[in-house]
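Heads up: take any position in the sequence shown, counting from 1, add 4, and you land on my numbering.
Glycine is no exception: its CB is placed at the ideal position from the N, C-alpha and C atoms.
Working notes, structure below.
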Amino acid sequence: MTELSDEQKRDFEAAAFRRLVEHLRERNDVQNIDLMNLTGFCRNCLSNWYREAANAEGVDLTKDQSREIVYGMPYAQWQALNQTEASDAKKAEFEARRPKDH
């Protein structure tokens with residue numbers, strides 16, 4: 005295996021992050037609750053992690069700003085365009101599997 009420098013790792017991780025965000029933007033048919041129920045994270049989690057990383061480096065990024073970075077538009081706009089009401093079964097599954105930080 006090729007030994008990667010820290011800079012290469014960072015660059016590749018950043019590229020993978022950008023591809024993940026692009027993929028999630030393309031798949032706006034996939035609801036956050038479905039992501040949460042299947043994987044334990046969603047677009048909001050990703051935006052929270054982004055904001056936490058920025059804040060840890062002294063960059064004051066708001067929740068709305070980090071969500072817009074992930075969603076590609078203001079969150080309220082994305083919700084109006086794409087979010088559907090979750091079924092009672094999906095809500096119950098979410099509650100049963102809810103991560104401790106949600």
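* Asked: From which residue to which residue does the alpha helix (DSSP H) around Q83 run?
  -> For the purposes of this step, residue 83 is identified with residue 79 of the sequence shown, where counting begins at 1. That run of the alpha helix (DSSP H) goes Y79 to N86.
* To do: Return yes when the Cβ of Y75 is within less than 9 Å of the Cβ of R29, no when it is not.
  => The count along the sequence shown starts at 1 and reaches residue 29 at position 25. The count along the sequence shown starts at 1 and reaches residue 75 at position 71. In contact: R29 and Y75 (Cβ atoms closer than 9 Å).
* To do: Let me know the alpha helix (DSSP H) ranges lying completely inside the segment 11–91, each 4 residues or longer, listed in chain order.
  => 36–43, 47–60, 67–75 and 79–86
* Classification of M5 by the beta-carbon crowding that lies within 10 angstroms, buried from 16 upward -> The sequence position of residue 5 within the sequence shown is 1, counting from 1. Exposed, since its Cβ has fewer than 16 Cβ neighbours within 10 Å.
* What do you reckon, is the C-beta of L50 under 8 Å from a heavy atom of the ligand NAP? -> Of the ligands one can find in the structure shown there are none, so the ligand NAP has no counterpart to examine.
* **At least 3 beta-carbon pairs within less than 8 Å: the segment 95–105 vs the segment 78–85** => no
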